[in-house]
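The next block holds one structure in the form of structure tokens; read it before the comments.
In the working numbering, the protein residues as written are 41 to 304.
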């Protein structure tokens, strides 16, 4: 799930453990496939921005979608090729701050927190413009992000731990700049072979801000849920799954840039 040049380095550094962090099977994958099937059934065409190692793309292709994945990291795409044993996922290496693939698709998917990996509001809007231009007539975009309050409520650095293997440990140290809506996560991977650190920076957008950015990009929000099972969004929601379609009047190019929406 990598995007620009900085994220390319992030993806290259985590490609060998990414599948351990985010397994490519299980109920979460099944519900995501069912969600997309309810929007546009197979054999629809699907573009995934930030395809990574194919955690979603490979199961989607096996289900019958015609999948094209974009990622900035060569190492991630190499792992995708290994995981895609039938060779059914088409891939392109590139920075999708702007449109990368000329084709148009029934579904454009930006999963996990990939949109927030773009570090500025302008880049996020530019990415959404590319999404709009990549939609076929009647197409739908789907964007999954974390809820900003997951991090915005933190008042100081915090750490979390994840066992990657019996002899490998991942330690994440999280710092938040609330005024910039920025999150720095330093992934420290401890193995018998040594220690390495991988920084990850994301820039979160509040739901109202996201909706305005989408409008500026020529998209209209058609639904928002707390998970792939279409759960209701509440004050305790930690994720958002948003569906969008191309706005009938196109991009609102004459409107001012979106201002960050305050919350909490």
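Cβ coordinates follow ideal geometry from the N, Cα and C atoms, glycine included.
{"Check": "Cβ separation of residue 134 and residue 107, assumed to be a contact under 8 Å, to the nearest whole Å", "Outcome": "No, residue 134 and residue 107 are not in contact; Cβ-Cβ is about 16 Å, not under 8 Å."}
{"Check": "Which residues DSSP lists as bridging residue 208, in chain order", "Outcome": "205"}
{"Check": "Cβ pair residue 150, residue 183 closer than 7 Å", "Outcome": "yes"}
{"Check": "Whole-angstrom distance between residue 193 and residue 220, CA atom to CA atom", "Outcome": "14 Å"}
{"Check": "Per-residue burial, residue 322 [other beta carbons within 10 Å of its own, 16 or more giving buried]", "Outcome": "Nothing can be reported for residue 322, as the shown portion of the chain is limited to 41 through 304."}
{"Check": "Buried versus exposed, by CB contacts within 10 Å (16 or more), residue 255", "Outcome": "buried"}
{"Check": "Beta-ladder partner(s) of residue 113, from DSSP", "Outcome": "Beta-bridge pairing links residue 113 to no other residue."}
{"Check": "Between the CA atoms of residue 210 and residue 75 - distance to the nearest angstrom", "Outcome": "31 Å"}
{"Check": "Proximity of residue 175 and residue 287 at Cβ, strictly below 7 Å", "Outcome": "no"}
{"Check": "C-beta atoms of residue 69 and residue 99 nearer than 7 Å", "Outcome": "yes"}
{"Check": "Coil, strand or helix - residue 24 by DSSP", "Outcome": "Lying before the first or after the last residue shown, residue 24 is absent from the chain, which here runs from 41 to 304."}
{"Check": "Residue environment, residue 250, which counts as buried when at least 16 other CB atoms sit within 10 Å", "Outcome": "buried"}
{"Check": "Three-state class that DSSP yields for residue 220 in the structure shown", "Outcome": "coil"}
{"Check": "Neighbourhood of residue 139 by C-beta distance below 7 Å, restricted to the same chain and skipping five residues each side", "Outcome": "170, 173, 174"}
{"Check": "Pair within 7 Å by beta-carbon distance, residue 166 and residue 128", "Outcome": "no"}
{"Check": "Selected residue, minimal CA-CA separation from residue 248, among 85, 223, 264, 121", "Outcome": "264"}
{"Check": "Whether residue 242 touches residue 153 by CB criterion (7 Å)", "Outcome": "yes"}
{"Check": "For residue 105 and residue 89, believed in contact at Cβ under 8 Å, the rounded distance", "Outcome": "Actually they do not touch by this definition, with Cβ atoms about 15 Å apart."}
{"Check": "Buried versus exposed, by CB contacts within 10 Å (16 or more), residue 188", "Outcome": "buried"}
{"Check": "Sequence-distant residues of the same chain with beta carbon closer than 8 Å to residue 213, five excluded per side", "Outcome": "197, 198, 199, 225, 226, 228"}
{"Check": "Among 79, 289, 201, 269, the one whose alpha carbon lies nearest that of residue 257", "Outcome": "289"}
{"Check": "For residue 155, three-class secondary structure by DSSP", "Outcome": "helix"}
{"Check": "For residue 201 and residue 232, the rounded distance between their alpha carbons", "Outcome": "17 Å"}
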